[in-house]
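Just below is one structure, and these are the notes that go with it.
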Amino acid sequence: MVAFTLRRIAISIPILIASSFVVFLLGTAAGDPLDPLLGRNPPIPQATIDAERVRLHLDQPVLERYWNWLVGLFSGDFGPSVKQNLDIGSEIFARFGITMRLIAFAMLIALVLAVVVGVVSAVKQYSVVDYSATFLGFLFLSMPAFWFAILLKQGGIAFNNTVGEQVVYTIGDASVPPPTDTFARFADIAGHIVLPTIALALISYAAWSRFQRASMLEVMNSDYVRLARSKGLSRRRVMVKHALRTALIPLVTVTALDLAAIISGAVVTETVFQWRGMGDFLLESIRTEDVYALQAWLLLTAIVVIGFNLIADLLYAVLDPRIRYA
Amino acid sequence: MTEPVLEVEDLHVTFPTDDGLVTAVRGVSYRLRPGEVLGIVGESGSGKSVTSLAVMGLLPATARVTGSARYRGRELLGASDSELSGIRGKNVAMIFQDPMTSLNPVYSVGYQIAEAVRAHNDVSKQAAMSRAIELLDTVRIPNAAERAASYPHELSGGMRQRVVIAIAMANDPDVIIADEPTTALDVTVQAQIMQALETAKTATGAAMVLITHDLGVIAGQADRVMVMYAGKLVEAGSAEDVFYTPRMPYTLGLLGSLPRLDQKSKQLTPIVGAPPSLINMPPGCPFTPRCPLAQPVCDEIEPPLAATTSLDHLAACHFSSELVEAKPDDVFNTEVADTKALAEFVRQTEGGP
Amino acid sequence: MPEPVTPPPVSGPAAEPSTAAEPTRPAGAPPEREFTVSERSQGQLVVRRFLQHRLAVVSLIVLAALVLLAYVGGALWRYDAGEITPDNSVAPSLAHPFGTDAVGKDQFAQVLRGTQISLQIALLVALFATIFGTLWGAFAGYFRGAVDGTLMRIADLILTLPLLAVAAMLGHQFGGTWWLVALVIAGLQWAYVSRVARGVVLSLREKEFVEAARALGASDARIILRHLIPNALGSIIVNATILVAVAILLETALSFLGFGVQSPDTSLGLLVSEAQTASVTRPWLFYFPGLFIILIALTINFIGDGLRDAFDPQQTKVRA
Chain U
247 MVAFTLRRIA ISIPILIASS FVVFLLGTAA GDPLDPLLGR NPPIPQATID
297 AERVRLHLDQ PVLERYWNWL VGLFSGDFGP SVKQNLDIGS EIFARFGITM
347 RLIAFAMLIA LVLAVVVGVV SAVKQYSVVD YSATFLGFLF LSMPAFWFAI
397 LLKQGGIAFN NTVGEQVVYT IGDASVPPPT DTFARFADIA GHIVLPTIAL
447 ALISYAAWSR FQRASMLEVM NSDYVRLARS KGLSRRRVMV KHALRTALIP
497 LVTVTALDLA AIISGAVVTE TVFQWRGMGD FLLESIRTED VYALQAWLLL
547 TAIVVIGFNL IADLLYAVLD PRIRYA
Chain X
9 MTEPVLEVED LHVTFPTDDG LVTAVRGVSY RLRPGEVLGI VGESGSGKSV
59 TSLAVMGLLP ATARVTGSAR YRGRELLGAS DSELSGIRGK NVAMIFQDPM
109 TSLNPVYSVG YQIAEAVRAH NDVSKQAAMS RAIELLDTVR IPNAAERAAS
159 YPHELSGGMR QRVVIAIAMA NDPDVIIADE PTTALDVTVQ AQIMQALETA
209 KTATGAAMVL ITHDLGVIAG QADRVMVMYA GKLVEAGSAE DVFYTPRMPY
259 TLGLLGSLPR LDQKSKQLTP IVGAPPSLIN MPPGCPFTPR CPLAQPVCDE
309 IEPPLAATTS LDHLAACHFS SELVEAKPDD VFNTEVADTK ALAEFVRQTE
359 GGP
Chain A
22 MPEPVTPPPV SGPAAEPSTA AEPTRPAGAP PEREFTVSER SQGQLVVRRF
72 LQHRLAVVSL IVLAALVLLA YVGGALWRYD AGEITPDNSV APSLAHPFGT
122 DAVGKDQFAQ VLRGTQISLQ IALLVALFAT IFGTLWGAFA GYFRGAVDGT
172 LMRIADLILT LPLLAVAAML GHQFGGTWWL VALVIAGLQW AYVSRVARGV
222 VLSLREKEFV EAARALGASD ARIILRHLIP NALGSIIVNA TILVAVAILL
272 ETALSFLGFG VQSPDTSLGL LVSEAQTASV TRPWLFYFPG LFIILIALTI
322 NFIGDGLRDA FDPQQTKVRA
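Heads up: the protein sequence lines correspond to chains U, X and A, in order.
Basically our numbering = 1-based index in the first sequence + 246.
Basically our numbering = 1-based index in the second sequence + 8.
Basically our numbering = 1-based index in the third sequence + 21.
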């Protein structure tokens, strides 16, 4: 098991490095930060443009620029932003915390819901519960996240109006300034996170519940479940200790594989609910063609995704003894 | 006559499929006496596995089961799941065909045996585990104490099947149903498994239902033999009766298709054709299209199981009396169809390098 | 045929033909026993199973109707997409079934145009991504070793990046027209297809028919193209439909953010984006585009589900 872990970690490192190169190329392809300067009226003096070019290292050949950037990363330097006073590193980490809060919460809820609904659907196959859950699942899978988020916003405002108080928030991740009382602070965060979480969780939940249902059905019809029943174990014990236990394993991998898509979903959700998180940072950087900011964004998400996949791999090996020597 | 430990009466099992209703089992009845070994022989699709799964209550929910199956007088069909759970694994145990998929891959083999013990006995985990190690030893798994912690994928097919046998033995059941226990294994391993089954039988004193399509496996072990074809019993009797004086052409054909080392080399008797579709079966005997003795009456009326050489020896054939003293190659056509090709083949193999 | 045994005298019941005989059977012929199920080809089986999936069939009809509506309806409709009419912010009426926006553009025409765009992009993405991804994955799965490693590492690298983010970056640079957006999306989604194709080919290449083909002297290319890919077709087609649904949602999300299809053309996502603030005051601007997106994606998802069942039915009903 230890050898397996070390091997997996060792493999991740070249992947990360290759990823950083791809990230760098993508950033370069995403635009020329000097473009907005060229079209200005009154025109900016050439000397300023040249100085900017040097500041952004755009005078260096691509590979040299990549190397310098990579080396700089190790000392926490993410490179210069087009906004002169912006420290990419500190800004992005602050935003990262906000977004990860949303993603973690949404994934947790989606996972729990998906397992419950998936298992119930499988156990009561072809029942009314199964058919309605399946239909709803398809519906959520087909629903554009941004549209649904706007709908939730509307619903939230209507809810607040009926209750007469601002219970759920539709803008931002926390009130400004945040309440001082711990309980009020907690309620404030909760109120801000509830709607975006629903929006983000729903689509993952739909995909995962269908997957879990299929996985559970397959396991329920397996030979070892039949043997377990022939041993005289109670139906409940067979369902939980034999069927569910093995049916949950593939979900681990699926969750990890979907992480990149969830991050995409978070971008959209944050835009609708106006959170100042990674999503907002990304869109702003694209619009200003802030190459280094974009690279930092992509690199950070790549690290998160690769790291999460690594954890999922290890978890899978813990849960399934068959692959420990792979 | 001792009380039968398992009694099946007029069992019918139907499944709905895309193409129609499949009647996999059409009126099977038998009695199993304590300590007896009953061999059920038949081709794939003859319904032999379904019969046993129906008795255990392990068929999918879409199956329709009618008739009666009684364990020591207690009706099993239609019983509640908790009632059946009390009987499964404790009084009636089952061994399945494919050892590669019968065991749960995420639990150790020791755990899975101990689980069977604790399902019916209120003992501690350690006590159950020692019993598991004991059982592993009984079925001749080397280094039982260490092996108990192994996972199924770390064991060979033969060893896995022995673990399954150990699980079946765990609570000293009265009946062990072995559903094609050797089919998925190499021939060399088959003997070991049959030996392990023998051990299980003597250790528990259980009666055994041995289901297989391999007559050789039955020959050494069974007291009584039942032959199934297209969901029906076509012959039943003691092993001697069925092997030496078969009274149903299908049985004769089966025996004739078995290569024998103890007899002068003769030609094997292949049975032409294939088993019938089980959907919308026409009236009459299902073996008719392949039977060399077939007559118009065979198409119209299904022969009942009737006594032949003795009251215990039953066969379902209108012309069972024709089979007195018959040898397989008397009844079945063993003539070579293409003599030219055979001559060519002989020329090539004998004239070759 | 030699008669080894002389037929015995019939001792059973009189030889009277059974009255239960099938009327269409020729007189005197023995009853059909072996084949009560008629022979069917693989393709026919797939189609038949698909037709049993009612929801998928309904979805196919609805989708076909949508396509007709979008193109034929769009062409015949009295207003063009983007055409400015004198009626501003009108609620749905006979003249304007989906109402108009603040500038006076007829929303019915807009939504139909947006539907056209979504369908066109989805088709283009499905085509490019599937063909490219399948070849990529099939080669990787077939040759294994270093080839597999390199090819799949590249695919994996693309998969670690959030599609929307990368598509937004590239869309900002190259976007605007619908086919460029389609190319950007396809340029990223092929990686998913390659994973699936590789998986299928990996399991298929061990099968006997591949060995047989190789023994007959087939070249690698021939084995991949003529044997492996046709057998993998089921999984690939099912995956392609999922891809199409995802592509539609991705394109609308991109356009919503402003990095997909841009003015003067329109997209369902763009329409929703423009209607964000009006969702309560002028709901027709918000709901119609959204419902159309849902309808397109939903029908495609159901069709995909039907295809999945058709190619690989879950045999939970029969056990011999």
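Just so it is clear, CB atoms sit at the ideal spot from N, CA and C, and this is done for glycine as well.
Legend entry - Alpha-carbon to alpha-carbon, residue 157 of chain A and residue 326 of chain A: Against the third sequence, residue 326 of chain A aligns to sequence position 305. Against the third sequence, residue 157 of chain A aligns to sequence position 136. About 25 angstroms.
Legend entry - Contained alpha helix (DSSP H) runs [length at least 4] in the stretch 307-366 of chain U, N- to C-terminal order: 308-320
Legend entry - Given 8 angstroms, three or more beta-carbon pairs between the stretch 189-200 of chain X and the stretch 13-21 of chain X: no
Inset, instruction - Give the range of the beta strand (DSSP E) segment to which residue 22 of chain X is assigned. - result: By 1-based counting over the second sequence, the position of residue 22 of chain X is 14. Start and end: 14-25.
Inset, instruction - Please decide whether residue 540 of chain U counts as near chain A, where near means a Cβ-Cβ distance under 8 angstroms. - result: Within the first sequence, numbered from 1, the residue matching residue 540 of chain U stands at position 294. Output row for residue 540 of chain U: interface = yes.
Inset, instruction - Work out the CA separation of residue 194 of chain X and residue 201 of chain X for me, nearest whole Å. - result: The sequence position of residue 201 of chain X within the second sequence is 193, counting from 1. The sequence position of residue 194 of chain X within the second sequence is 186, counting from 1. Looking at the two C-alpha atoms, the distance is approximately 10 angstroms.
Legend entry - Counted within 10 angstroms of its Cβ, other Cβ atoms place residue 521 of chain U as buried (16 or more) or exposed: What you label residue 521 of chain U is simply residue 275 of the first sequence in a count that begins at 1. Result: buried.
Legend entry - Inter-residue spacing [alpha-carbon to alpha-carbon] between residue 120 of chain A and residue 310 of chain A: One-based indexing of the third sequence puts residue 120 of chain A at position 99. One-based indexing of the third sequence puts residue 310 of chain A at position 289. So the two alpha carbons sit approximately 12 angstroms from each other.
Inset, instruction - Specify the secondary structure class of residue 470 of chain U as computed by DSSP and reduced to three states. - result: In the first sequence, counting from the first residue as 1, residue 470 of chain U sits at position 224. Three-state DSSP puts residue 470 of chain U in a helix.
Inset, instruction - Could you tell me the boundaries of the alpha helix (DSSP H) in which residue 133 of chain X lies? - result: Looking up residue 133 of chain X in the second sequence gives position 125. Residue 133 of chain X -> alpha helix (DSSP H) spans 133-146.
Legend entry - Element boundaries [beta strand (DSSP E), containing residue 263 of chain A]: As a working mapping, residue 263 of chain A is identified with position 242 in the third sequence. From DSSP, residue 263 of chain A is part of no beta strand (DSSP E) but of the alpha helix (DSSP H) over 250-278.
Legend entry - Own chain, CB closer than 6 angstroms to residue 290 of chain U, minus 5 neighbours either side, in chain order: Here residue 290 of chain U refers to the residue found at position 44 when the first sequence is read from its first residue. For residue 290 of chain U, where only same-chain residues beyond five positions count, the Cβ hits under 6 angstroms are 283.
Legend entry - Span separating the alpha-carbon of residue 328 of chain X from that of residue 66 of chain X: As a first step, residue 328 of chain X must be located in the second sequence, where it is residue number 320. As a first step, residue 66 of chain X must be located in the second sequence, where it is residue number 58. So the alpha carbons of these two residues sit roughly 36 angstroms apart.
Inset, instruction - Could you give the DSSP three-state label for residue 231 of chain X: helix, strand or coil? - result: As a first step, residue 231 of chain X is located in the second sequence; it is residue number 223 there, counting from the start. The answer is coil: DSSP assigns residue 231 of chain X none of H, G, I, E or B.
Legend entry - Contact set for residue 270 of chain U: own chain, Cβ-Cβ below 7 angstroms, skip 5 residues either direction: In the first sequence, residue 270 of chain U corresponds to position 24, counting from 1. Here the set comprises 312, 315 and 541.
Inset, instruction - Sort X/234, X/120 and X/23 by Cα distance to residue 159 of chain X and report the nearest one. - result: In the second sequence, counting from the first residue as 1, residue 159 of chain X sits at position 151. Of X/234, X/120 and X/23, the residue nearest in Cα terms is X/120.
Inset, instruction - Work out the CA separation of residue 172 of chain A and residue 296 of chain X for me, nearest whole Å. - result: Taking the first residue of the second sequence as 1, we reach residue 296 of chain X at position 288. Taking the first residue of the third sequence as 1, we reach residue 172 of chain A at position 151. Approximately 59 angstroms between the Cα atoms of the pair.
Inset, instruction - Output, in chain order, the set of chain A residues within a Cβ distance shorter than 7 angstroms of residue 517 of chain U. - result: Working through the first sequence from its first residue, we reach residue 517 of chain U at position 271. The contacting residues are 278.
Inset, instruction - Could you tell me whether any Cβ in chain A is nearer than 8 angstroms to the Cβ of residue 529 of chain U? - result: The residue given as residue 529 of chain U occupies position 283 in the first sequence. Yes, residue 529 of chain U lies at the interface with chain A (some Cβ there is under 8 angstroms from its Cβ).
Legend entry - Neighbourhood of residue 234 of chain A by C-beta, 7 angstroms cutoff - its chain only, sequence neighbours within 5 removed: The residue given as residue 234 of chain A occupies position 213 in the third sequence. If we look at residue 234 of chain A and ignore the five residues flanking it on each side, its Cβ neighbours are 244 and 248.
Inset, instruction - Give every residue of the same chain whose Cβ lies closer than 7 angstroms to the Cβ of residue 51 of chain X, excluding the five residues on either side of it in the sequence, and list them in chain order. - result: To locate residue 51 of chain X, count along the second sequence from 1; it is residue 43. 221 and 283, listed in sequence order.
Legend entry - Check whether residue 474 of chain U and residue 179 of chain X have beta carbons under 8 angstroms apart: Mapped onto the first sequence, residue 474 of chain U falls at position 228. Mapped onto the second sequence, residue 179 of chain X falls at position 171. Cβ atoms of residue 474 of chain U and residue 179 of chain X: not closer than 8 angstroms.
Inset, instruction - Under 8 angstroms between beta-carbons, which chain U residues line up against residue 64 of chain X? List them in chain order, please. - result: Here residue 64 of chain X refers to the residue found at position 56 when the second sequence is read from its first residue. Ordered by position in chain U, the residues that pass the 8 angstroms Cβ test against residue 64 of chain X are 476.
Inset, instruction - Would you mind stating whether residue 229 of chain X and residue 218 of chain X have Cβ atoms separated by less than 8 angstroms? - result: Numbered from 1 along the second sequence, position 221 holds the residue referred to as residue 229 of chain X. Numbered from 1 along the second sequence, position 210 holds the residue referred to as residue 218 of chain X. Cβ atoms of residue 229 of chain X and residue 218 of chain X: closer than 8 angstroms.
Legend entry - Three-way DSSP call (helix, strand, coil) for residue 259 of chain U in this model: The residue you call residue 259 of chain U lines up with position 13 of the first sequence. Helix at residue 259 of chain U.
Inset, instruction - Please decide whether residue 496 of chain U counts as near chain A, where near means a Cβ-Cβ distance under 8 angstroms. - result: Taking the first residue of the first sequence as position 1, residue 496 of chain U is located at position 250. Taking Cβ atoms only, chain A never reaches closer than 8 angstroms to residue 496 of chain U, which makes this a no.
Inset, instruction - Evaluate residue 170 of chain A with the Cβ neighbour count: other Cβ atoms within 10 Å of its Cβ, from every protein chain shown; 16 or more gives buried, anything less gives exposed. - result: Numbered from 1 along the third sequence, position 149 holds the residue referred to as residue 170 of chain A. Classification for residue 170 of chain A: exposed.
Inset, instruction - Closer than 7 angstroms by C-beta to residue 173 of chain X: which residues in its own chain qualify, once you throw out the five before and the five after it? Chain order, please. - result: Here residue 173 of chain X is taken as the residue at index 165 of the second sequence, counted from 1. Around residue 173 of chain X: 103, 147, 204, 205 and 208.
Legend entry - DSSP three-state assignment for residue 285 of chain U, whether helix, strand or coil: Locating residue 285 of chain U in the first sequence gives position 39, where the first residue counts as 1. In the structure shown, residue 285 of chain U sits in coil (DSSP, three-state: anything other than H, G, I, E or B).
Inset, instruction - Determine whether the Cβ of residue 198 of chain A lies closer than 8 angstroms to any Cβ atom of chain U. - result: Along the third sequence, one-based indexing puts residue 198 of chain A at 177. So, not an interface residue.
Legend entry - Residues that residue 580 of chain U contacts on chain X, provided the C-beta gap is smaller than 8 angstroms: Here chain U covers residues 247 to 572 and nothing more, so residue 580 of chain U does not appear.
Legend entry - Helix, strand or coil at residue 70 of chain X according to DSSP, with G and I counted as helix: For this step, residue 70 of chain X is matched to residue 62 along the second sequence. The answer is coil: DSSP assigns residue 70 of chain X none of H, G, I, E or B.
Inset, instruction - Answer with yes or no whether the minimum CB distance from residue 507 of chain U to chain A is below 8 angstroms. - result: In the first sequence, counting from the first residue as 1, residue 507 of chain U sits at position 261. Closer than 8 angstroms: yes.
Legend entry - Secondary structure, alpha helix (DSSP H): runs of 4+ residues fully inside the stretch 250-336 of chain X: 257-264 and 304-308
Inset, instruction - Flag residue 45 of chain A as yes if its beta-carbon sits less than 8 angstroms from any beta-carbon of chain U, otherwise no. - result: Sequence index remark: in the third sequence, residue 45 of chain A carries index 24 (1-based). Confidence in residue 45 of chain A is poor, its pLDDT being 43 and thus under 50, which makes the residue's placement unreliable; the coordinate value appears in the next sentence. So, not an interface residue.
Inset, instruction - Compare the C-beta of residue 311 of chain A against all C-beta atoms of chain U and say whether one is closer than 8 angstroms. - result: If you number the third sequence from 1, residue 311 of chain A lands on position 290. Yes, residue 311 of chain A lies at the interface with chain U (some Cβ there is under 8 angstroms from its Cβ).
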